[in-house]
Every structure is written in C-alpha cells, then in structure tokens.
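K.L.:
Shown below is the structure under consideration.
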Amino acid sequence: MNQLKVVATVVEKSVLRYTPAGIPIATATLVHDSKQEQAGGQRQVEFEIPAIAAGEISKRFLDIELGAAMVFTGFLARKNRNSKSIVFHVTEFEVAKNETNLLD
-3 MNQLKVVATV VEKSVLRYTP AGIPIATATL VHDSKQEQAG GQRQVEFEIP AIAAGEISKR
57 FLDIELGAAM VFTGFLARKN RNSKSIVFHV TEFEVAKNET NLLD
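Every letter in the sequence shown is one number past the one before it in the working numbering, and letter 14, counting from 1, is 10.
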C-alpha cells in the first residue's frame, strides 16, 4: 500500500496549469514539523516535500491559505519516469482540527 497522511502547511504554491490532455494541475511545497516517538524517546521531525494535485481537487488545493495547517492524504510517486525524486500526490485534504502532527 502506498498511502501518506500528514499534517502540513503550504509554504509555496504555483499557478494552475494544464496537461496536454487538459487536466488541471496545481503544485505546492508542504512543510511538516512535529515530535514523534521513536525507540522510547522523542524525535523532532521536520521536512519539506513537493506536492501535486491533479483534476478537480487542483483548484481547491490552490485556494488553501499559506501557513494554514491541513491534513493531506495521497500517495508518493517519482517526479517523472526517469527521476529518483519523489512527489506527494494529494488526493484529499481537510483543515487540521486539534490533530497531532502525525505521519501515518
């Protein structure tokens, strides 16, 4: 299974673009910052990840305010066929409501 759910904030976003097939695409940079329990101790976790939203969700994705805490759900995939870099493909999101920053 390839599913990622993370609480993050949007720190940068692009303008809406379209694929040659006419599918709307939105890209953004997400930042996560939390404390996670590992091996009986607390670990500070911070990362930045490129994200993409395709189709109907893309317009709503670009409407997210910069800095707003959101829960993003989706999957990881290569940036393109020949790349080793990964991109978070967002398929759902909602406002984070009293959630602990967790990676699932």
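Cβ coordinates follow ideal geometry from the N, Cα and C atoms, glycine included. Predicted, not measured: the structure shown is a model, and the values here were computed from it.
#1: Pairs of beta-carbons, one from the segment 28 to 40 and one from the segment 52 to 59, closer than 8 Å: are there three or more?
#2: Thinking C-alpha only, which one of N76, A64, L12, H85 is nearest V3?
#3: Please tell me whether S81 and P46 are closer than 9 Å, where the distance is taken between their beta carbons.
#4: Just to confirm before moving on: does the CB-CB distance between M66 and F43 stay below 9 Å?
#5: From V85 to G36, what distance separates their C-alpha atoms?
#6: Let's see if you can read the secondary structure: which residues bound the beta strand (DSSP E) around K9?
#7: Could you have a look at F68 and say whether DSSP puts it in helix, strand or coil?
#8: By a C-beta neighbour count over all protein chains shown, 10 Å radius and 16 as the cutoff for buried, is T15 buried or exposed?
P.N.:
Put simply:
#1: Taking 8 Å as the limit for Cβ pairs, the verdict is that the segment 52 to 59 does not touch the segment 28 to 40.
#2: As a position in the sequence shown, residue 3 is number 7, starting the count at 1. Considering only alpha carbons, the answer is A64.
#3: The residue given as residue 81 occupies position 85 in the sequence shown. The residue given as residue 46 occupies position 50 in the sequence shown. Yes, Cβ-Cβ distance for S81 and P46 is below 9 Å.
#4: Indexing the sequence shown from 1 puts residue 66 at position 70. Indexing the sequence shown from 1 puts residue 43 at position 47. For M66 and F43, no; Cβs fall outside 9 Å.
#5: The sequence position of residue 85 within the sequence shown is 89, counting from 1. The sequence position of residue 36 within the sequence shown is 40, counting from 1. Note on identity: in this sequence residue 85 is His, with Val being the wrong assignment. The straight-line gap from Cα to Cα measures roughly 32 Å.
#6: To locate residue 9, count along the sequence shown from 1; it is residue 13. It spans 0 to 9 - the beta strand (DSSP E) in which K9 sits, taken as one unbroken run.
#7: As a first step, residue 68 is located in the sequence shown; it is residue number 72 there, counting from the start. Three-state DSSP puts F68 in a strand.
#8: Reading the sequence shown from its first residue, position 19 is the one you call residue 15. The C-beta of T15 has fewer than 16 other C-beta atoms within 10 Å across all chains shown, which makes the residue exposed.
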